Amino acid sequence: MLCKAPCNWTQIQSSPVTKHDKQACVLGLDIGTSGVRAAFFDELGSEIAGASVRTERIFSGLNDLSVIEPEALLDLVVETIDRLLVNSAASVAGVELISISCFWQSLVGIDAAAQPTMPVLGWAETRASKAAKQLRADFDEAETHARTGCRFHPSYWPAKLLWLRSSEPETVNRTTRWLSFSEYLSLTLFGSASISISMASGTGLLNQHTCKWDNVLLRALRIPIETLPEIAVDGPSSNCLRREYATRWPLLAKARLCPAIADGAANNIGAGCTSREKLALMIGTSGAARILYKGPPPVRVPSSLWSYRADLSRVLVGGALSDGGGLYHWFKESLLPNPDSGAITAALENLKPDDHGLTVLPFWAGERSPNWSLEARGGILGMTLETKPIEILRAAMEAIAYRFALIVDALDEISPQASMVATGNALQSSPVWTQVIADVLGRPVMLSNTREASSRGAALLALEATGKIPSIEIAGRNENEVAFAPDPSRHAIYQKAIERQVRLYKSMIASTE
Numbered sequence: 009m010l011c012k013a014p015c016n017w018t019q020i021q022s023s024p025v026t027k028h029d030k031q032a033c034v035l036g037l038d039i040g041t042s043g044v045r046a047a048f049f050d051e052l053g054s055e056i057a058g059a060s061v062r063t064e065r066i067f068s069g070l071n072d073l074s075v076i077e078p079e080a081l082l083d084l085v086v087e088t089i090d091r092l093l094v095n096s097a098a099s100v101a102g103v104e105l106i107s108i109s110c111f112w113q114s115l116v117g118i119d120a121a122a123q124p125t126m127p128v129l130g131w132a133e134t135r136a137s138k139a140a141k142q143l144r145a146d147f148d149e150a151e152t153h154a155r156t157g158c159r160f161h162p163s164y165w166p167a168k169l170l171w172l173r174s175s176e177p178e179t180v181n182r183t184t185r186w187l188s189f190s191e192y193l194s195l196t197l198f199g200s201a202s203i204s205i206s207m208a209s210g211t212g213l214l215n216q217h218t219c220k221w222d223n224v225l226l227r228a229l230r231i232p233i234e235t236l237p238e239i240a241v242d243g244p245s246s247n248c249l250r251r252e253y254a255t256r257w258p259l260l261a262k263a264r265l266c267p268a269i270a271d272g273a274a275n276n277i278g279a280g281c282t283s284r285e286k287l288a289l290m291i292g293t294s295g296a297a298r299i300l301y302k303g304p305p306p307v308r309v310p311s312s313l314w315s316y317r318a319d320l321s322r323v324l325v326g327g328a329l330s331d332g333g334g335l336y337h338w339f340k341e342s343l344l345p346n347p348d349s350g351a352i353t354a355a356l357e358n359l360k361p362d363d364h365g366l367t368v369l370p371f372w373a374g375e376r377s378p379n380w381s382l383e384a385r386g387g388i389l390g391m392t393l394e395t396k397p398i399e400i401l402r403a404a405m406e407a408i409a410y411r412f413a414l415i416v417d418a419l420d421e422i423s424p425q426a427s428m429v430a431t432g433n434a435l436q437s438s439p440v441w442t443q444v445i446a447d448v449l450g451r452p453v454m455l456s457n458t459r460e461a462s463s464r465g466a467a468l469l470a471l472e473a474t475g476k477i478p479s480i481e482i483a484g485r486n487e488n489e490v491a492f493a494p495d496p497s498r499h500a501i502y503q504k505a506i507e508r509q510v511r512l513y514k515s516m517i518a519s520t521e
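Residues in the sequence shown are numbered from 9 upward in steps of one, following the numbering used here.
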């Protein structure tokens, strides 16, 4: 199947090619919920200047994070590669590897003919909440959490599959295999649907200690193991592009595929946060705070956190927020039509900490960390006729920072007082938000200058697996960071605001029980 081009619902951003020596390289793909990026990297993991393209999805609302048409997203990936090759092929001598960073926790079914039986269900899909509640009643969640690293929540596969069985039995009957989008992409382009340990670890069905599918859950939920993808070993596979795509992209015809790594793990690697001493705090469409390190997974995962894997030897522990940059843009577009970015930044910066009198519960897309509530919903308390739209936007930014503070407190159990590195487009384009986070946490925050850490991280891991770099820990170092120092007086104000938000949160949850 060849994908159609061009996609009429995308916006393309590309970088002009600069003159430099041609070199063998890696094609790095970063597939996120907000768009797709493709770039060429050299054999040391440095992005080749000017050799990158980003294609952004046009959203009609936050619901676009919940359900995605697989063919449309596949078209987006193919169109992005097309444009990269048109823009940058002349600068590249050859492509040996294709590395992929892809969003975690998606689920799509395919039939015997490898055709999708359903849309891709994303991490923001919440219709499986009742199924997650049923799982919490039927299982010892603490025991399952220790084994799989995942709570029972609608973002993970157990709840999604249980919900599909009851709500869409015909879809389940037509489905022969369950995949995340990265495996569907790999199957279409390369003919292989194997899943990396990294992607499998975010499903909620992998035993994090054995790195195999969890037999306890599979038996209890009646999930035949043959319907799940084969777990791939680390390193590139022998798979090359299928003939129709090799013909379309001759430069990539001999490149080997590295099974997709999850975007969260790739982001840590690309930002140089590859030890217990460095914590990556990322805000993109959603948000996360994570520590990546070599070693076994924790025996007991704090209840507010999850534990996944980057590969067979590296563990990723952290917490995730469903609302981040996506909610920021939703507020901005809803309240400030035709906004001037410079004017908004200046207005946000001029506002005093928590001076608006608002308390925001940032759960428009539901809650994951720290409480994994199945009932949490978004809300704004304290509005008056004098409340200004810019104050609501600032209050939402502060509210998201408060939720990060709770996650970071839990991560201190894993690695006390790790240094903080901020990543993600939302923070890199908003020094105001980065400063708010430093003030809320009361800790210095270093803003990474690596704008596309996830695609870089996937490329670095692929290069390590083939022995081209000694390790991601060495090659992934990033010394060019901007420091944001916390203000003690602002920190004291924000501590009281966090307490107020927690009280409102508890009141809201109690009213739904």
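Ideal Cβ positions, reconstructed from N, Cα and C, are used throughout, including at glycine. These numbers were taken from a predicted model, which means no experiment stands behind them.
Among G365, K220 and L105, which has the Cα closest to the Cα of Y316?
K220
Roughly how far, in whole angstroms, is the beta-carbon of A140 from the beta-carbon of L382, given that I think they are within contact range, below 8 Å?
6 Å
I need the DSSP call for M454, collapsed to helix, strand or coil.
strand
When DSSP builds the beta bridges, which residues end up paired with D38?
R45 and S109
Got a sec? Which residues, its chain only, sit under 6 Å from R498 by beta carbon, not counting five neighbours each side?
P361 and D447
Buried or exposed, going by whether 16 or more other CB atoms sit within 10 Å of the CB of Q21?
Its pLDDT being 44, under 50, Q21 is placed unreliably in this model, and the value from its coordinates should be taken loosely. Exposed, since its Cβ has fewer than 16 Cβ neighbours within 10 Å.
Status (buried if at least 16 other CB within 10 Å, exposed otherwise) for I233:
exposed
Are F371 and D331 closer than 9 Å when you measure CB to CB?
yes
Can you confirm whether the segment 334-351 touches the segment 229-249 when touching is taken to mean that 3 or more C-beta pairs between the two stretches lie within less than 8 Å?
no
Output yes or no for whether 9 Å exceeds the beta carbon distance between W423 and E285.
It should be pointed out that residue 423 corresponds to Ser in this sequence rather than to Trp. Result yes, Cβ atoms of S423 and E285 sit closer than 9 Å.
Just the Cα atoms here: how many angstroms apart are V75 and I108?
21 Å
Between which two residues does the alpha helix (DSSP H) containing T480 stretch?
As written in the sequence, residue 480 is Ile, which differs from the Thr given in the question. First-last of the alpha helix (DSSP H) with I480: I480 to A483.
Out of S427, K514, R459 and V307, which has the shortest C-alpha to C-alpha gap to L369?
K514
In the DSSP assignment, find the unbroken beta strand (DSSP E) run with V241 in it and report its ends.
Premise fails: V241 is in no beta strand (DSSP E) and is neither H nor E.
Considering K514, what are the terminal residues of the alpha helix (DSSP H) in which it resides?
P496 to T520
Measure the CB-CB distance between S427 and M391 and report whether it falls below 9 Å.
no
Would you mind working out which of I89, L414 and T152 sits nearest D38, comparing C-alpha positions?
I89
Whole-angstrom distance between I517 and E55, CA atom to CA atom
46 Å
Take A470 and list the residues in its own chain whose beta-carbon comes closer than 7 Å to its own, dropping the five residues that flank it on each side.
V34, L105, S107, P244 and C266
Which value, in whole angstroms, describes the spacing of the CA atoms of L115 and N215?
18 Å
By alpha-carbon positions, which one of S174, A145 and S377 ends up nearest to G157?
S377
Taking C-beta to C-beta, are E191 and S174 nearer than 9 Å?
no
Return the residue from the list R256, F339, N486 and N457 that minimises the CA-CA distance to E87.
R256
Sequence-distant residues of the same chain with beta carbon closer than 8 Å to E489, five excluded per side:
V429, M454, L455, S456 and N457
Assign G272 to one of two classes, buried (16 or more other C-beta atoms within 10 Å of its C-beta) or exposed (fewer than that).
buried
With distances taken between CB atoms, is the gap from G212 to F160 smaller than 9 Å?
yes
Should V44 be labelled buried (16 or more other beta-carbon atoms within 10 Å of its own) or exposed?
buried
So, using beta-carbon positions, are D119 and T183 closer together than 9 Å?
yes
Between the Cα of E481 and those of S321, P177 and G374, spot the shortest distance and give me the residue it belongs to.
S321
How close, in whole Å, do the beta carbons of S99 and T293 come, if the pair is a contact with beta carbons under 8 Å?
The Cβ separation is near 30 Å, so there is no contact.
Counting contacts by CB-CB distance shorter than 9 Å, is E104 in contact with chain D?
Among the chains of the structure shown, chain D does not appear; only one protein chain is present.
Chain-order list of residues whose beta-carbon lies under 7 Å from that of L172 (same chain, five-residue window excluded):
T179 and V180
Does the beta-carbon of K534 have 16 or more other beta-carbons within 10 angstroms, so that it is buried, or is it exposed?
Outside the displayed range of the chain (9 to 521) lies residue 534, so it cannot be described from this structure.
Write down every uninterrupted run of the alpha helix (DSSP H) in the segment 372-438 whose length is 4 residues or greater and which is fully enclosed by it, in chain order.
397-419 and 433-436
So, are the CB atoms of V128 and F48 less than 9 Å apart?
no
Quick one: complete beta strand (DSSP E) runs, 3+ long, within the segment 218-304?
286-291 and 295-302
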